[in-house]
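Asker: Could you have a look at this structure, given as structure tokens, before my questions?
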Amino acid sequence: MNITRENIDALNAVVKVDIAKDDYNGKVEKILTDYRKTANIPGFRKGHVPMSMVKKQYGKAVLVDEVNKILQESLNTYLAEEKLNVLGNPLPKPQDDLNWDAEDFSFEFELGLSPEFEVNLKSKKAITQYNIVADDKMLNDQVEHLRKQYGTLVPQEAMSQDDEITGTFANEEKAIDNTATLTLDKIKGKTNAKKFVGAKVGDVITLKTKGLFNNDHDLMTFLKVAHEDAHGLEVEVTFTVTEINTRELANLDQELFDKLFGKDAVTSVDELKEKIKEDSEKQFAQQGDQKLLNDVTEYLVENTTFDLPSVFLQKWMQTAGEQPMDADQAKEEYEKSEKSMRYQLIEGKLIADHKLQVTFDDLKANAKEMIKVQMAQFGQLDPAEKELDDIAARILSNKDEVKRLSEQLMSTKLLELYKAEANLKVKEITYDEFVKEFYS
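Position one of the sequence shown corresponds to residue -13 (the numbering used here), numbered consecutively onward.
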């Protein structure tokens, strides 16, 4: 066997694999001999079929199978030994005149090669790292929300602006029949809100779904309609009032603090606000980190320039998926995925250059922390180490879960790299400002 490579350019190559009779003949003969021992052919006793007949019936299929096995094994070995970073998979060049009656065979494969490039994390213009904080307004609003949540419901005869109203939304045509509790701050426009004010138990209010709520997603929450049905829903619904309550705020006392955080964990309003601030800013940090990750990714893709073997990749895409594509479809798919492909190469380069790796110990520690958080939600605050180890072992026996955790941990390691090496400037911002600036 002989394997040679012709480099067309820096990104494309052709590998030629020459297979001689000596490479496959021994295996083919052995398989045919084994076939002869078990072949059932009318007119011959088992094991006494002439080899010529076995070869005539099975020889070509066995030859093709063995040559293909040798071809794939030798090609994979060659790519590994030569340390070639290929994109996609080798594409066999068509051979319409392949003669399987010959003794020697030659096959050619097109390769798309990964480009050589360097990654510079030091951008000329600093990338903003957002430190999202909980301001006094947010803390006061959260305290108010908790007082309402743990307050006492007092029945009311008629609905007023700050009351809660419970009733059933209905529309026979759209099969809407759902009981919901809401407050008027969810309702859009004074005209709609006025229909609720003064309502009593047993009253039926007629409403139009278009423009009913400040957030159209509330149609899914309160009317229980599917996402695809909620978009552009324009029907008339009735709301039959079944209950009206005002919520007396809970007192800011030790009883409330203990309900929220456990006995004596918080003993004053200042400590309550500090606890809310601490918990909120932990969550905000995750959103700030995701924003930083997105912004650095965008910078790297836009500013790390290299060419790709685009013609090869489009040709490869035509046969790589579950459904074959024509040339136009492959071109469209390539254009959609090129940015993602570029980032994968950049990420791989960063991981290799900075020797980032996820170890089994990393996976185990991460799994145990995840388990602790989940158990704490159910009141198990101090699980035994053996219990954590046993659950972690079950999680890490699942390949899909290991893959998911590995990707999460590598993303965290990349984020740490960006914070250490990239040109960043820290900007403090309130959560409301952050939401308005990036999610409005």
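Where a beta carbon is used, it is the ideal one built from N, C-alpha and C, also for glycine.
Quantities reported herein were computed from a predicted structural model and do not represent experimental measurements.
Drop a sphere of 10 angstroms on the beta-carbon of Arg31, count the other beta-carbons inside from all chains shown, and report buried for 16 or more, exposed for fewer.
Answerer: Exposed, by the Cβ-count rule.
Asker: If you follow the beta strand (DSSP E) that Gly334 is in, where does it begin and where does it stop?
Answerer: Where Gly334 is concerned, there is no enclosing beta strand (DSSP E), although the alpha helix (DSSP H) it sits in stretches over Ala313 to Asp339.
Asker: When the Cα atoms are used, what is the spatial distance from Tyr320 to Gln300?
Answerer: Straight-line Cα distance between these residues: approximately 6 Å.
Asker: Can you tell me where the beta strand (DSSP E) with Val3 in it begins and where it stops?
Answerer: Run containing Val3: Asn(-2) to Ile5, per the beta strand (DSSP E) assignment.
Asker: Cβ of Asp20 versus every heavy atom of the ligand SAM: is any distance shorter than 7 Å?
Answerer: In terms of ligand content, the structure shown is empty, and the ligand SAM therefore cannot be addressed.
Asker: Would a C-beta distance cut-off of 8 Å place Asp189 and Val223 closer than the cut-off?
Answerer: No, these two residues do not count as a Cβ contact at 8 Å.
Asker: Excluding the 5 residues preceding and the 5 following Leu132 in the sequence, name in chain order all residues of the same chain whose CB lies nearer than 7 Å to its CB.
Answerer: Only Leu246 meet the Cβ criterion.
Asker: Is it buried or exposed, Asn201, if we count other Cβ atoms within 10 angstroms and call 16 or more buried?
Answerer: Burial call: exposed.
Asker: Is it true that the segment 133 to 141 meets the segment 304 to 320, where meeting means three or more beta-carbon pairs spaced less than 8 Å apart?
Answerer: Taking 8 Å as the limit for Cβ pairs, the verdict is that the segment 304 to 320 does not touch the segment 133 to 141.
Asker: Who are the Cβ neighbours of Asp149 in its own chain at under 7 Å, not counting the five residues just before and after it?
Answerer: Cβ neighbours of Asp149 beyond the five flanking positions: Gln142, Ile230, Asn231 and Thr232.
Asker: Determine, using beta carbons only, whether Lys176 and Leu193 come nearer to each other than 8 Å.
Answerer: No, the Cβ-Cβ distance between Lys176 and Leu193 is not below 8 Å.
Asker: Evaluate Trp86 with the Cβ neighbour count: other Cβ atoms within 10 Å of its Cβ, from every protein chain shown; 16 or more gives buried, anything less gives exposed.
Answerer: With fewer than 16 other Cβ atoms within 10 Å, it is exposed.
Asker: What span of residues does the alpha helix (DSSP H) with Arg380 cover, start to end?
Answerer: Element bounds for Arg380: Glu371 to Leu382.
Asker: How far does the beta strand (DSSP E) with Glu94 in it reach, from first residue to last?
Answerer: Phe91 to Leu99 is the extent of the beta strand (DSSP E) around Glu94.
Asker: Does Asp9 come out as helix, strand or coil in the three-state DSSP assignment?
Answerer: Helix, per DSSP.
Asker: Please identify the residue among Gln272, Ala313 and Asp51 whose C-alpha is closest to the C-alpha of Val119.
Answerer: When each option's Cα is compared against that of Val119, the closest is Gln272.
Asker: Grouping DSSP H, G and I as helix and E and B as strand, with all else coil, what is Lys411?
Answerer: Residue state, collapsed to three classes: strand.
Asker: Quick one: measure Cβ to Cβ for Leu168 and Ile151, integer angstroms, because I've assumed they're closer than 8 Å.
Answerer: Right, the Cβ-Cβ distance comes to about 6 Å (below 8 Å), so this counts as a contact.
Asker: Excluding five sequence neighbours on each side, which residues of the same chain lie with their C-beta closer than 8 Å to the C-beta of Glu52?
Answerer: The residues are Tyr10, Lys13, Val14 and Ile17.
Asker: Going by DSSP in three states, Phe364 sits in which element: helix, strand or coil?
Answerer: Three-state result, Phe364: coil.
Asker: Starting from the N-terminal side, write out each stretch of the alpha helix (DSSP H) that is 4 residues or longer and does not extend beyond the segment 43 to 95.
Answerer: Runs of the alpha helix (DSSP H) inside the segment 43 to 95: 46 to 67.
Asker: I need the DSSP call for Lys186, collapsed to helix, strand or coil.
Answerer: In the structure shown, Lys186 sits in a strand (DSSP, three-state: E or B).
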